Amino acid sequence: MSTRIQILPQDVTLKIAAGEVVERPAAAVKELIDNAVDAGASWIRIDIREAGLKTIRVTDDGDGIARHDLPLAFHPHATSKIQRFSDLDRLSTLGFRGEALASIAAVSRIEVQTRSAGEEIGSRLTVMHGEPATCTAQSTPVGTRITVSDLFANVPARRRFVRSTRAETARIGEVITAYALAQPSIRFSLTVDGRPTFESPGTGKLRDAVAAVLEPAVLDDLMTVQHREPGVDVTGLAGKPTLHRPTRSGIHIFVNGRPVENRRLVFALEEAYSGYLMTGRHPIAILSLSLPAADVDVNIHPSKSEVRFVHEREVHGAVYRAVTGALSSLRPEVPETPVEVVTGSGTPLLALPEPASAVPAPALRVFGQSNRTFIIAEGPDGLYMIDQHAAHERVLFDRLTEQITQRDVPVQPLLEPAAADLTPEQTAALDENRELLIQAGFHIEPFGDRSCLIRAVPAIAARSSPGELVSAVLSDLASTPRTDAAYERTLATMACKAAVKAGDLLDTHEMRELVVQLESTAHPQTCPHGRPTMIRLSHAQLEREFGRR
Ligand code: ADP
Ligand code: MG
Numbered sequence: 001m002s003t004r005i006q007i008l009p010q011d012v013t014l015k016i017a018a019g020e021v022v023e024r025p026a027a028a029v030k031e032l033i034d035n036a037v038d039a040g041a042s043w044i045r046i047d048i049r050e051a052g053l054k055t056i057r058v059t060d061d062g063d064g065i066a067r068h069d070l071p072l073a074f075h076p077h078a079t080s081k082i083q084r085f086s087d088l089d090r091l092s093t094l095g096f097r098g099e100a101l102a103s104i105a106a107v108s109r110i111e112v113q114t115r116s117a118g119e120e121i122g123s124r125l126t127v128m129h130g131e132p133a134t135c136t137a138q139s140t141p142v143g144t145r146i147t148v149s150d151l152f153a154n155v156p157a158r159r160r161f162v163r164s165t166r167a168e169t170a171r172i173g174e175v176i177t178a179y180a181l182a183q184p185s186i187r188f189s190l191t192v193d194g195r196p197t198f199e200s201p202g203t204g205k206l207r208d209a210v211a212a213v214l215e216p217a218v219l220d221d222l223m224t225v226q227h228r229e230p231g232v233d234v235t236g237l238a239g240k241p242t243l244h245r246p247t248r249s250g251i252h253i254f255v256n257g258r259p260v261e262n263r264r265l266v267f268a269l270e271e272a273y274s275g276y277l278m279t280g281r282h283p284i285a286i287l288s289l290s291l292p293a294a295d296v297d298v299n300i301h302p303s304k305s306e307v308r309f310v311h312e313r314e315v316h317g318a319v320y321r322a323v324t325g326a327l328s329s330l331r332p333e334v335p336e337t338p339v340e341v342v343t344g345s346g347t348p349l350l351a352l353p354e355p356a357s358a359v360p361a362p363a364l365r366v367f368g369q370s371n372r373t374f375i376i377a378e379g380p381d382g383l384y385m386i387d388q389h390a391a392h393e394r395v396l397f398d399r400l401t402e403q404i405t406q407r408d409v410p411v412q413p414l415l416e417p418a419a420a421d422l423t424p425e426q427t428a429a430l431d432e433n434r435e436l437l438i439q440a441g442f443h444i445e446p447f448g449d450r451s452c453l454i455r456a457v458p459a460i461a462a463r464s465s466p467g468e469l470v471s472a473v474l475s476d477l478a479s480t481p482r483t484d485a486a487y488e489r490t491l492a493t494m495a496c497k498a499a500v501k502a503g504d505l506l507d508t509h510e511m512r513e514l515v516v517q518l519e520s521t522a523h524p525q526t527c528p529h530g531r532p533t534m535i536r537l538s539h540a541q542l543e544r545e546f547g548r549r
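Numbering (our numbering), first residue to last: 1 to 549.
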């Protein structure tokens, strides 16, 4: 093997660069749509076969490419959109790097048919793995049709990394629906293997685009957002708090017409909903930000879907204020409900939460405890056996969820910090979930590579061993991807560690309070892990058992 340094031939550098621009079929679709939007198209048609690996065809009615420019379009760094770097400060197009067509061409076969408005007759050009071919005359309408065939056929490694046909097709669908929302005046349509699967009306009204992308039923629950601050406009639609989803799939944010990925913008949006939505639920919102091109840096990543702002805090603040403004118009004037506080003498065994509102008279009459594990009670319709641990878990879980949603988690500082030994996975989880742990009421400091110091725990869990609690929570966070379900499981673990155990002796007062609290939860029948908290023997069952029926 040669150790000399040498400059790589262009076909190699192009293939390498193509890895960044077109890492998967959906990225090629995105680039072709960008170009059609930049060409001023009023409609864009996308046809894909075999998840785009066989063909991707994008047809538009835009400006087209003049014959003498056509071969140039496939040159790396050939663009009609900017001439000098400072033009980025005035950028009004989605593209500017001049490398998309060259990159796609390096890893596929391309055919272009196009005609610009000034030409009598159009042109046709084929490009094979980046190799230029001659340009011929062809009669074709004004606009451009680009057909990309056998994507990645000449880069087997890339092809191996492409996921299932279904996943890739779904991703392409997401790209197209995002553009349909970002550009409501363009009519988008998609066919998959010849089947029409999506169409947006292109009326210029965001609500019409939303009706095509999400279900039309959500329209009634979307509030109009129109908010202007110096240097940034925020417009769009934001869901009422009654509209929520388990994932962030209903959140779309556009910056100067460009679908972007920006976790902090999403965070600013979700901040506005905090207190309105349960933990683990996400709003629906379609927001367009317009700001001067000089205030946005889109040149961060070749795919141009990440952006940075010169005035980051102001932009986040504007999103937050735009949405809180819309939400506050909904908030009715609610008189404060008096809160009944459960009081006891000394430190109660149960960290019983305060009832959220006046508690109805308990439907269950508590008789006593069986085997230090089950509470026996009577209701109007039979005899109840309640698992004291499961019941307390449910009560604590709901309380904790509410405290976190309200950003009001009472914290119990430890007189002496407790130490806990950590595995490398737990150490990483501690590092990655710092914010979340603080929100949940923990104060934990890393202590060397393999342990941590616990200075405070959520007050609800004050009774449990801090070391065990933290270790269990970190294991949960380490073993699961960061999804809402994983987050809920972590809360369930906290509730489990903090709850009374089977074997704990409870007095009548404590049992009664626990039952009252359980009844006021949203799901009194099951613990956060889904196991039953109570079983019932109906009067009819008892009568049958005693041979009375
Ligand atoms: P960029 O979009 O960054 O300029 P591309 O490689 O995507 O670079 O495209 C190169 C050039 O080809 C564009 O600048 C544009 O002039 C032309 N072009 C590509 N697609 C189209 C299209 N659909 N309609 C009109 N012109 C196009
Ligand atoms: Mg482009």
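Just so you know, even glycine gets a beta-carbon here, dropped at the ideal spot from N, CA and C.
No experiment lies behind these values; they were computed from the predicted model shown.
Beta-bridge annotation (DSSP): F188 is paired with I44.
Taking one beta carbon from each stretch, the stretch 131–145 and the stretch 167–186 have fewer than 3 pairs nearer than 8 Å; the two do not touch. When the Cα atoms are used, S92 and K81 turn out to be separated by approximately 9 Å. The residues R45, R145, in chain order, have a CB closer than 6 Å to that of T59 in the same chain once the five nearest residues on each side in sequence are set aside. Listed as beta-bridge partners of L8 by DSSP are no residues whatsoever. Taking a 10 Å sphere around the C-beta of I16, we find fewer than 16 other C-beta atoms and assign the residue as exposed. Its Cα nearest to that of I56, the residue A27 stands out among R372, D504, D63, A27. Taking all protein chains shown into account, A117 has fewer than 16 neighbouring C-beta atoms within 10 Å of its C-beta and is therefore exposed.
Any heavy atom of the ligand MG counts here; residues with a Cβ closer than 6 Å to one of them, in chain order, are E31, D34, N35, G95, A100. For P413, the enclosing beta strand (DSSP E) stretches over residues 411–421. Exposure of K205 is indicated by the presence of fewer than 16 other C-beta atoms within 10 angstroms of its C-beta. In this structure L400 is in contact with P458, their Cβ atoms being roughly 7 Å apart against a cut-off of 8 Å. The beta carbons of Q426 and A478 sit closer together than 8 Å.
Secondary structure note for C135: it is in no alpha helix (DSSP H), and the uninterrupted beta strand (DSSP E) holding it is 135–138. In terms of side-chain proximity, the C-beta atom of T147 is found no nearer than 7 Å to any non-hydrogen atom of the ligand ADP. Using a Cβ-Cβ distance cut-off of 8 Å, the stretch 225–239 and the stretch 283–291 are in contact, since at least three pairs of beta carbons, one from each stretch, lie closer than that value. Look at D47: its beta carbon is at least 7 Å from all of the heavy atoms in the ligand ADP.
Looking at the backbone, the Cα of L151 and that of V12 are separated by about 16 Å. About 5 Å separates the beta carbons of L101 and A73, which is inside the 8 Å limit, making them a contact pair.
Taking the Cα of L289 as reference, the smallest distance to any Cα among V225, M278, S249 is reached at V225. Not one heavy atom of the ligand ADP is found less than 7 Å from the C-beta of D61. Residue pairing by DSSP places C452 opposite A420, P446 in a beta bridge.
Closer than 7 Å to some heavy atom of the ligand ADP: that does not describe the Cβ of D398.
The C-beta of T79 has 16 or more other C-beta atoms within 10 Å across all chains shown, which makes the residue buried. The alpha-carbon of H539 is positioned some 38 Å away from that of A461. Non-local beta-carbon contacts of D34 in its own chain, meaning distances under 6 Å to residues more than five positions away in sequence, involve L94, G95 in chain order. It is roughly 13 Å from the alpha-carbon of G173 to the alpha-carbon of R49. Around the CB of G530, fewer than 16 other CB atoms lie within 10 Å, so the residue is classed as exposed.
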